[in-house]
Each structure stands twice: as structure tokens, then as C-alpha cells.
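Here the structure comes first, spelled out in C-alpha cells, and everything after it is commentary.
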Amino acid sequence: MITLYDASSAPSPRRARILLAEKAVAHETIQVDLRTNEQLGEAYRKINPLCTVPALLTEEGLLLTDNAAIAAYVDARYPRPPLLGVTPAERAEIASWSWRIEFEGLMAIAEAMRNSAPSLANRALPGPVDYPQIPELAQRGLARVQQFFVTLNERLADHPFVASGRFSVADIIAVVAVDFARVVKVKPTDQHPHLQRWRAAMAERPSMSL
465 MITLYDASSA PSPRRARILL AEKAVAHETI QVDLRTNEQL GEAYRKINPL CTVPALLTEE
525 GLLLTDNAAI AAYVDARYPR PPLLGVTPAE RAEIASWSWR IEFEGLMAIA EAMRNSAPSL
585 ANRALPGPVD YPQIPELAQR GLARVQQFFV TLNERLADHP FVASGRFSVA DIIAVVAVDF
645 ARVVKVKPTD QHPHLQRWRA AMAERPSMSL
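Using the working numbering, the first residue of the sequence shown is number 465, and each one after it goes up by one.
Structure (C-alpha cells):
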């Protein structure tokens, strides 16, 4: 049985939850309490020394500690429906947009939040090493999030999905990023009609409630 180390309130594990739901993969779930810093404790460090979630323990005993690896494994192990693309062109387009959403969206939101939230003082980056907050990075991150929404809205003006003309991992990452942006008080407005239309369509998928 596959085991997912999860944290219900965090965006990164949500990506894995949605992926597994879309693939209808049976798995066990173990919650890691980020509010009490359980991810930094000795017990979880023995499971994942990176002190991050999600982590996925496969049936073969392989531990995957990032969403890219989890997506690659799950899509190969359970190929239907294909979420990383089928043709070389599809796979390239999905990979490109997935990277852009990671860099321009999720990383920007994290930059804004982790460098400003009082509860994350000295925890500006996830993982086992403490890093101080840099307020200027929070300001830059917020500006980047605003631009990310503009970019995504423009992309969705003539595309029903983020990449390849079909639902993919890129849509999963984008949903998580758009929803996560609320932590820095950014959300789609009437200035983002295509983004709003796409997000409403995504809400019809049962996996998106996870």
C-alpha cells in the first residue's frame, strides 16, 4: 500500500492528494502537524530528512520527497489518465507550464508569506535549516504574485486548460497556486475573467475539494 505523508493545511501536500485522487490510487494517509513543527521532530526526520511534506512511500519501499518525483512515479505506475502528457510535444508543454507555475506562482507566494508571517520568523525557507526573513523579499513576492495572475489569465484566454489542451498536472499546480495566494490576500477578480472561468470549471472536478 502506498503511504502519503500529508498536512491538510499546506499547499504542497494538496498537490499530491489531488494527483492521487485523479488517478484513483488507493493509499494510506499519515498527517504531519506543521503547526507543532512535527516535520522537524526526530521521528519524522527519520522518515524524511528534508523535513518537508508531502512524502510518498511507494509499495516498493521507495521514498519520494518532492511533488515532481511523486508525479513522475504515479503517472508512470498508473498511466491512466495521463497527467504528464502523451506525445513529446504534450509532455514538453506540460513540463514547461508546470515549471512556470512553480517559479512564478508558488515560489512567489511562498516568498511573500514566509518573509512576512510572524509565525515563520527565522523559518523563511522550509526544511531542516533556519533562515531569517527578509522583508524586501516579501514585497517582491507580492508583486510577482500579481503578475502571475495576469500571466495565467492571458494564457487561459484561448485555452480551456493550462497546457496541452487536456487536464494535466499543470492544472493541478495552478489550482493549488491560485487558491494558496489567498494567504497573501490575492485572489482572482473581474480583471481576470479567463482565470475565473477556468477555476470555476476546475471546481467541478471532485478531486479539487481535497
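Where a beta carbon is used, it is the ideal one built from N, C-alpha and C, also for glycine.
#### Entry: Residue burial classification, Gln-655 (beta-carbon count within 10 angstroms, cutoff 16)
For this step, residue 655 is matched to residue 191 along the sequence shown. Exposed: under 16 other Cβ atoms inside 10 Å.
### Query
Can Leu-548 and Val-648 be called in contact, C-beta distance under 8 angstroms?
To locate residue 548, count along the sequence shown from 1; it is residue 84. To locate residue 648, count along the sequence shown from 1; it is residue 184. Cβ atoms of Leu-548 and Val-648: not closer than 8 angstroms.
### Query
When the Cα of Leu-589 is compared with those of Pro-582, Ala-574, Gln-603, Arg-479, which residue comes out closest?
As a first step, residue 589 is located in the sequence shown; it is residue number 125 there, counting from the start. Taking only the C-alpha atoms, the option nearest Leu-589 is Ala-574.
### Message
By the DSSP assignment, the alpha helix (DSSP H) with Gln-603 in it spans what residues?
### Response
In the sequence shown, the residue the question calls residue 603 occupies position 139. That run of the alpha helix (DSSP H) goes 599 to 619.
### Query
CB-CB under 8 angstroms to Glu-523, same chain, minus the five flanking residues each way: which ones, in chain order?
As a position in the sequence shown, residue 523 is number 59, starting the count at 1. Closer than 8 angstroms at the Cβ level, and outside the excluded window around Glu-523, lie Met-465, Ile-466.
### For Arg-467, three-class secondary structure by DSSP
Taking the sequence shown and counting its residues from 1, the one referred to as residue 467 is at position 3. Note that residue 467 is Thr in the sequence shown here, rather than Arg. Correct three-state label for Thr-467: strand.
### Query
Which of helix, strand or coil does DSSP assign to Arg-630?
Numbered from its first residue, the sequence shown carries residue 630 at position 166. Of the three classes helix, strand and coil, the one that applies to Arg-630 here is coil, per DSSP.
### Task
Counting only the same chain and skipping the five closest in sequence on each side, list residues whose C-beta sits under 6 angstroms from that of Gly-569.
Your numbering for residue 569 matches position 105 in the sequence shown. The residues are Phe-612, Ala-641.
### Query
Out of curiosity, what's the CA-to-CA distance linking Ala-422 and Leu-484?
The structure shown does not extend to residue 422, since the chain spans only 465 to 674, so no value can be given for it.
### Message
Is it buried or exposed, Tyr-595, if we count other Cβ atoms within 10 angstroms and call 16 or more buried?
### Response
Position 131 of the sequence shown, counted from the first residue, corresponds to residue 595. That one is exposed.
### Message
Given this structure, state the Cα-to-Cα distance separating Asn-617 from Ala-507, to the nearest angstrom.
### Response
Indexing the sequence shown from 1 puts residue 617 at position 153. Indexing the sequence shown from 1 puts residue 507 at position 43. Asn-617 and Ala-507: Cα-Cα distance of roughly 43 angstroms.
### Task
Using the Cα positions of Ala-553 and Asn-586, report the straight-line distance between them to the nearest angstrom.
Position 89 of the sequence shown, counting from 1, holds the residue named residue 553. Position 122 of the sequence shown, counting from 1, holds the residue named residue 586. Distance between the alpha carbons of Ala-553 and Asn-586 is about 42 angstroms.
### Task
Return the CA-CA distance between Thr-500 and Ile-494, expressed in angstroms with no decimal places.
Here the question's residue 500 lines up with position 36 in the sequence shown. Here the question's residue 494 lines up with position 30 in the sequence shown. Their Cα atoms are separated by approximately 15 angstroms.
### Message
Could you compute how far the alpha carbon of Gly-756 sits from the alpha carbon of Tyr-537?
### Response
No information on residue 756 is available, as it lies outside the stretch 465 to 674 that the chain covers here.
### Query
Rounded C-beta distance between Ala-471 and Leu-498? I'm assuming under 8 angstroms.
Translated into the one-based positions of the sequence shown, residue 471 becomes position 7. Translated into the one-based positions of the sequence shown, residue 498 becomes position 34. Confirmed, about 5 angstroms.
### Task
Tell me where the beta strand (DSSP E) around Glu-492 begins and ends.
Taking the first residue of the sequence shown as 1, we reach residue 492 at position 28. First-last of the beta strand (DSSP E) with Glu-492: 491 to 495.
### Query
Do the CB positions of Leu-441 and Ile-511 come within less than 8 angstroms of each other?
The structure shown has nothing for residue 441, since the chain only spans 465 to 674.
#### Entry: Neighbour-count burial assignment, Thr-516, 16 or more Cβ in a 10 Å radius
Position 52 of the sequence shown, counted from the start, is the residue given in the question as residue 516. The residue in question, Thr-516, is buried, as its Cβ has 16 or more Cβ neighbours within 10 Å.
### Message
Tell me the rounded alpha-carbon separation between Ala-488 and Met-672.
### Response
The residue you call residue 488 lines up with position 24 of the sequence shown. The residue you call residue 672 lines up with position 208 of the sequence shown. Cα-Cα distance, rounded: 13 angstroms.
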